[in-house]
């Protein structure tokens, strides 16, 4: 009897540790220890950029967990990312205290500008980092739990779940644009000063945020890998391929979907929270439906149902975006559209389908060329 | 109610857009009995399975399992956990999982989401999977993707899944469709060995196979029971010849 696939093989762990060391130790050393001007020096502007990519990669892994494994194509994952970002933004706004333009110790500048007299109740507690961190996970998680509960219990799936989630992020975007929501309206939250007492603009803080993003990326990958390698992971794949059959085996399809959807939203929220201090702003455009669709493209390009592929897809597409929006901004959207079409038509398994990942190679060896 | 009755359908009616798929159907199957259900297309055989397994809710009537549990009030997974297993007309195995993983998912075990997340196969469970592989003749193919199996092998895998699920009531919808004669004979033998310990209801078109099972036959027609008895009895029933056998042999 062959053992069922384990979480990561010895080679998989070796690759994971190697990549983790390069990203979490190598990159900071190249920035901080190599003297500026030397060939090895990593320019300062690249650190938050790489940190931003790491946050996108976490979002991609979170989306791959629900789409690639459970078959839930969420086109609203950007909403969970943005909500986590707003929670962090609220903490950062409270840290400004009386250093704002209006020198109000209690109220952020935009509230003073709107002539508000006191802090709305839902801003209470956000001056405390542990509370803000809790909310970063709780708000996206609760939203996913409630939306998922209604949707999955009513057996909303396939394209309909995509429409529901897309509508969700669009509705949130419109709400957050309104000034009387109390989240800075159109301008969002910005002019951050410090995070846990560290100046967010400082080089060391940026390196710290980058390392935190990479560490979270590694943890998110391991948690998701644990899930997909467990029996629950096989239940999810079964749900993706033949949902009603899983019910006749006695499993709760609603429970399994709700678990991964909620966990995925929490991961997306954490990614958003790390993203905001690195880019220095959060505004309602982060809820834009296009953002969520772009995230689905990263996963499709990298390869659905692989986790590693999703992270690689996020990195590659965003590197291309950074380059193209600088070099030839007018062709970026055409490039993105063309990329999606090419991947869908000729590379249905994405980049990961071209490369043999260890876990796939191990599995493929056992399967002879198409029987029947 | 008779303690010996395992499944009892009482006046079940289902209609789809005015078409009566089941029309006041009543049926009792004893514990440990092997029952075959035949009938022309559209007689309501699959709809009957759908009602028992919770896929379709009847407009009227009840379906009692073990005497007191009304299945029409439960959903599919609750019914499966009561010990009712179903093999579908079209073989539905999980094609992107291996043969062994298909059996692992079917294996009787705690079905909760968190229990599933941390589940590890015990030695006893591995033995059970091994036993099922031997029983359905898939030894040596456990690491293959189920999608790579032939049609007949998928049917067998699905039967293997019912075996490890440890269901007390097995509903088999056309278990020998697409099988060779030899596979059909082996399947008949397997089903006969299951009855007694478990209750088995087989829906089938293949009269040779029904004869080989030699069990009590229920003939459905237009959503109701037309005749019931031994294969010889129903084959000589004039109404049965009229609606089903006559047409099939014409």
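Protein chains in written order, with this note's numbering: chain A, 35 to 406; chain B, 811 to 1060. Heads up, the beta-carbon is just placed ideally off N, CA and C, and yes, glycines get one too. No experiment lies behind these values; they were computed from the predicted model shown.
In its chain, beyond the 5 residues on either side, 95, 98, 99, 102, 255, 258, 259 and 262 have a beta carbon closer than 8 Å to the beta carbon of residue 341/A. Distance between residue 345/A and residue 930/B, taken at the CA atoms: about 29 Å. When the alpha-carbon of residue 204/A is set against those of 80/A, 189/A and 319/A, the nearest one is in 319/A.
Interface flag for residue 911/B against chain A is set, since a Cβ pair is found closer than 7 Å. When the alpha-carbon of residue 178/A is set against those of 297/A, 158/A and 53/A, the nearest one is in 297/A.
If the five residues before and after residue 873/B are omitted, its C-beta is found closer than 8 Å to the C-beta atoms of 817, 818, 819, 820, 822, 861, 862, 880, 881 and 882, all from its own chain and listed in chain order. Take the alpha-carbon of residue 119/A and the one of residue 161/A: they are about 15 Å apart. Assignment of residue 846/B by DSSP, reduced to helix, strand and coil, places it in the strand class. Below 8 Å, enough C-beta pairs join the stretch 929-944 of chain B and the stretch 907-921 of chain B to call them touching: three or more.
One thing to note: residue 905/B has its Cβ no nearer than 7 Å to the Cβ of residue 281/A. Following the DSSP letters along the chain, one finds residue 244/A in no beta strand (DSSP E) but inside the alpha helix (DSSP H) bounded by residues 237-263. Membership of residue 374/A in any beta strand (DSSP E) is not indicated; the residue belongs instead to the alpha helix (DSSP H) covering 366-380. Taking C-beta atoms as the reference points, residue 110/A and residue 176/A fail to come closer than 7 Å. Annotation: the continuous beta strand (DSSP E) that includes residue 1038/B extends over 1034-1039. When the five nearest sequence neighbours on each side are left out, the beta carbons in the same chain lying within less than 7 Å of the beta carbon of residue 132/A are those of 138 and 139, in order along the chain. Residue 826/B sits in a strand when the DSSP states are folded into three classes. In the three-state reduction of the DSSP assignment, residue 136/A falls in the coil class. Taking a C-beta distance under 7 Å as the contact criterion, residue 186/A and residue 45/A do not qualify as a contact pair. Taking the Cβ atoms as the reference, residue 837/B lies roughly 12 Å from residue 1033/B, outside the contact range of under 8 Å.
Shown here, residue 115/A sits in a helix according to DSSP, grouped into three states. Going by beta carbons, residue 295/A and residue 182/A fall inside the 7 Å limit. Between residue 943/B and residue 952/B, the gap from beta carbon to beta carbon is short of 7 Å. According to the DSSP assignment, residue 872/B belongs to the beta strand (DSSP E) that extends over 870-875. Minimum Cα-Cα distance from residue 827/B among the listed residues 869/B, 834/B, 853/B and 864/B corresponds to 869/B. Boundaries around residue 313/A are those of the alpha helix (DSSP H), 287-313, since no beta strand (DSSP E) includes it. Among the CB atoms of chain B, one or more fall inside 7 Å of the CB of residue 268/A.
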